[in-house]
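Residue numbers (the numbering used here), protein chains in the order written: chain A, 5 to 223; chain B, 20 to 273.
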Amino acid sequence: MIRYMWAIVRRDLLLVARQPAEMINPLVFFLLVIALFPLGVSPEAALLSQTAAGVIWVAAMLATLLSLELLFKLDHDDGSLEQLLLAPYPSWSLVLAKVFVHWLVSGLPLILISPLIATMLFLPSHAVPTLMLSLLIGTPTLSLLGAIGAALVTGVRGGGMLLTLLILPLYVPVIIFGASSVAAAAQGMAIGGYMALLAAMFVFALMITPWSAGSALKL
Amino acid sequence: MTESSWRMPRWFHQMGSPKWFYGFAGILQPWFAIAALGLLTWGAVWGLAFAPADYQQGNSFRIMYVHVPAAILSQSIFLGMAVAGAVGLVWKMKVAFMVARSCIAIGATFTAIALVTGAIWGKPTWGAYWVWDARLTSTLVLFFLYAGIMALNQAISERHIAGKATAILAIVGTINIPIIKYSVEWWNTLHQSSSFTLTAKPSMPADMYLPLLLTVLGSYCLFALVVLMRTRSQIVQSQSGASWLMQHRDITGA
């Protein structure tokens, strides 16, 4: 089964490498959304530094959602998803492998670029490690939860909008704790509790979502 | 699995048959209708006209007799939808999926009523229609969850698949509701505590909470009635042409 998952991971990474736009588009989208806030709200450093945590988290969430639509769609359209599900392995292993690639491609670049964004939004520099850590724990949770929605809307017309409707309510806890942890760090408060809760949500999502997304794929 | 020492009772499997459910629901329906009408009228008249006015809020508290049942039902229905969906997934019962789907619209309606009446009540009491308080926010998220399930149902044209998708999403949503609720409560603890939970009775006199109890029970009966009616109409749609249905007295009018 590990080999099966590894084969999917390698295949998907190869596909992304041949189509780098799939990886770059969410990142550009992330930067654009971030850039809209100073333009739309106010370019003042005092205001931006207060809202930076929330803005970055919301933008990360939207960028994740944008790329989630394609999680199973391409495989479904060319028929390979059906063949993968026919393999003698549980469907959750397929979901887990695909989610892992999705996170590598969409979540990890966001984390790597986040210090730059944080500086642009005047987030206090001592809060940057917390921002990166919270994104590191939080974005996999976003990918996992999103897999359920992506699996449910696979093969449905106009799936992208629907996916957003289905998944954003489930993202509420992640954004609350993710953004609060950064805000707490910016004020010099302890962040252990937030990180523990984020990690708990990650573990919980890891248990529940591959199974439910897998059964949704089989519908 | 066939050697399992413990089995679900016979009636449970009978309920999974559209024919049985249709007949049984047909018998129950008028009773729920009478109970809902009676309890809601009794509770509403007592609560709105005869219950004493609140010493602080005056008469504005009377919206409670609409608001609280709607809020309670909005959560119960989501749970009921998830349970029906789980039953459908485990025992592969089409009727259970139909019940789950019947819950969506009525659940969303109760959630919307709870939100709107809450906003109306909030204005005189808190001075604002909306505050980002824990309970309000989690109810709003609940409403969004209903909206998502509703949208998914409309997007999937095949009924059977839509039923399963509803079930999965309802189960995931139910697991998430406590998480959302607590995350929201920790996030913003502005919480204006509510003095009208049914578990902690003595916070108001009997003349005030008994009508509330009646309207809550009445709302449950109304919900049961609507679900039975909608499930029956789904059965009629999916089984149209089946000989048992054509001979049923509801159709023939005999």
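Using N, Cα and C, we set each Cβ at its ideal position, and we do this for glycine too.
Residue i: contacting residues in chain B (beta-carbon distance under 7 angstroms)
i: proline 173 of chain A; result: Val160, Phe163, Leu164 and Gly167
i: alanine 220 of chain A; result: Ala184 and Ile187
i: phenylalanine 181 of chain A; result: Ser202
i: proline 177 of chain A; result: Ile198, Ile199 and Ser202
i: leucine 223 of chain A; result: Ile180, Lys183 and Ala184
i: leucine 170 of chain A; result: Gly167, Leu171 and Leu188
Under 9 angstroms from the C-beta of residue i: neighbouring residues of chain B
i: glycine 150 of chain A; result: Under the 9 angstroms cutoff, chain B gives no residues; its nearest Cβ is about 12 angstroms from glycine 150 of chain A.
i: glycine 162 of chain A; result: Ala174
Distance, residue j Cα to residue i Cα
i: isoleucine 6 of chain A; j: histidine 179 of chain B; result: 33 angstroms
i: threonine 185 of chain B; j: phenylalanine 97 of chain B; result: 11 angstroms
i: alanine 188 of chain A; j: valine 37 of chain A; result: 23 angstroms
i: serine 53 of chain A; j: isoleucine 28 of chain A; result: 26 angstroms
i: valine 13 of chain A; j: valine 160 of chain B; result: 34 angstroms
i: alanine 153 of chain B; j: valine 118 of chain B; result: 30 angstroms
i: glycine 107 of chain B; j: isoleucine 190 of chain B; result: 12 angstroms
i: proline 42 of chain A; j: leucine 74 of chain A; result: 30 angstroms
i: lysine 102 of chain A; j: tyrosine 8 of chain A; result: 12 angstroms
i: proline 92 of chain A; j: proline 128 of chain A; result: 51 angstroms
i: aspartate 226 of chain B; j: phenylalanine 31 of chain B; result: 40 angstroms
i: leucine 70 of chain A; j: valine 160 of chain A; result: 16 angstroms
i: glycine 150 of chain A; j: glycine 142 of chain A; result: 12 angstroms
i: phenylalanine 215 of chain B; j: glycine 62 of chain B; result: Unreliable positioning characterises phenylalanine 215 of chain B in this predicted model, as indicated by a pLDDT of 49, which lies under 50. The coordinate reading is nonetheless provided below. If I take the Cα positions, the gap works out to 16 angstroms.
i: leucine 19 of chain A; j: valine 203 of chain B; result: 39 angstroms
i: threonine 130 of chain B; j: glutamine 23 of chain A; result: 44 angstroms
i: valine 127 of chain B; j: leucine 92 of chain B; result: The amino acid at residue 127 of chain B is misidentified as valine; the sequence shows alanine. Cα-Cα distance, rounded: 10 angstroms.
i: valine 87 of chain B; j: leucine 172 of chain A; result: 27 angstroms
i: glycine 99 of chain B; j: tyrosine 175 of chain A; result: 23 angstroms
i: arginine 120 of chain B; j: threonine 193 of chain B; result: 15 angstroms
i: leucine 155 of chain B; j: threonine 136 of chain B; result: 11 angstroms
i: proline 119 of chain A; j: alanine 131 of chain A; result: 10 angstroms
i: threonine 158 of chain B; j: phenylalanine 208 of chain A; result: 23 angstroms
i: tryptophan 205 of chain B; j: histidine 106 of chain A; result: 30 angstroms
i: alanine 273 of chain B; j: glycine 77 of chain B; result: Any reading at alanine 273 of chain B must be qualified, since the residue scores a pLDDT of 48, below 50, and its modelled position is unreliable; no value is offered.
i: leucine 108 of chain A; j: leucine 72 of chain A; result: 12 angstroms
i: glutamate 231 of chain A; j: leucine 78 of chain A; result: The structure shown does not extend to residue 231 of chain A, since chain A is modelled only from 5 to 223, so the question has no answer here.
i: glycine 197 of chain A; j: alanine 190 of chain A; result: 15 angstroms
i: aspartate 81 of chain A; j: phenylalanine 163 of chain B; result: 29 angstroms
i: leucine 17 of chain A; j: glycine 83 of chain A; result: 18 angstroms
i: glycine 35 of chain B; j: leucine 264 of chain B; result: 16 angstroms
i: lysine 38 of chain B; j: isoleucine 123 of chain B; result: 23 angstroms
Distance between beta carbons of residue j and residue i, contact taken as under 8 angstroms
i: methionine 199 of chain A; j: serine 185 of chain A; result: 6 angstroms
i: leucine 100 of chain A; j: proline 177 of chain A; result: Not really, about 21 angstroms apart at Cβ, beyond 8 angstroms.
i: isoleucine 152 of chain A; j: alanine 204 of chain A; result: Going by Cβ atoms, the distance from isoleucine 152 of chain A to alanine 204 of chain A rounds to 18 angstroms, so no, they are not a contact pair.
i: leucine 4 of chain A; j: valine 59 of chain A; result: No information on residue 4 of chain A is available, as it lies outside the stretch 5 to 223 that chain A covers here.
i: alanine 170 of chain B; j: leucine 169 of chain A; result: 5 angstroms
i: leucine 201 of chain A; j: phenylalanine 181 of chain A; result: 5 angstroms
i: serine 79 of chain B; j: proline 143 of chain B; result: 5 angstroms
i: phenylalanine 51 of chain B; j: leucine 247 of chain B; result: 7 angstroms
i: leucine 31 of chain A; j: leucine 114 of chain A; result: 7 angstroms
i: leucine 58 of chain B; j: glycine 237 of chain B; result: 3 angstroms
i: leucine 135 of chain A; j: alanine 122 of chain A; result: 6 angstroms
i: tyrosine 41 of chain B; j: proline 230 of chain B; result: Not really, about 35 angstroms apart at Cβ, beyond 8 angstroms.
i: alanine 133 of chain B; j: alanine 90 of chain B; result: 4 angstroms
i: proline 62 of chain A; j: isoleucine 195 of chain A; result: A small fix is needed here, since residue 62 of chain A is valine in this sequence, not proline. In fact, because the Cβ distance is near 19 angstroms, the residues do not count as touching under 8 angstroms.
Min CB distance residue i to chain A below 8 angstroms
i: lysine 113 of chain B; result: no
i: histidine 210 of chain B; result: In this predicted model, histidine 210 of chain B has a pLDDT of only 46, less than 50, meaning its place in the structure is not dependable; the value taken from the coordinates is given anyway. Not an interface residue.
i: serine 257 of chain B; result: no
i: leucine 171 of chain B; result: yes
i: arginine 29 of chain B; result: no
Below-8 angstroms beta-carbon distance, residue i vs any chain B residue
i: leucine 127 of chain A; result: no
i: leucine 166 of chain A; result: yes
i: serine 138 of chain A; result: no
i: serine 184 of chain A; result: yes
i: threonine 134 of chain A; result: no
Within chain B, partners of residue i - CB distance below 8 angstroms
i: isoleucine 212 of chain A; result: Val191 and Ile194
i: serine 239 of chain A; result: Given a span of 5 to 223 for chain A in the structure shown, any question on residue 239 of chain A remains unanswerable.
i: leucine 156 of chain A; result: Leu171, Ala184, Ile187 and Leu188
Where residue i meets chain A, residues with beta-carbon distance less than 7 angstroms
i: tryptophan 206 of chain B; result: Ile180 and Ser184
Which ranges does the beta strand (DSSP E) cover as unbroken runs of at least 3 residues, wholly within the segment 57-82 of chain A, from first to last along the chain? None, since the segment 57-82 of chain A contains no complete beta strand (DSSP E) of that length.
Ignoring anything shorter than 4 residues or poking outside the segment 116-189 of chain B, list the alpha helix (DSSP H) runs there in chain order. Runs found: 153-174.
In chain order, which beta strand (DSSP E) runs of at least 3 residues are fully inside the segment 108-194 of chain A? none
Segments assigned alpha helix (DSSP H), at least 4 residues, entirely inside the segment 237-265 of chain B: 262-265
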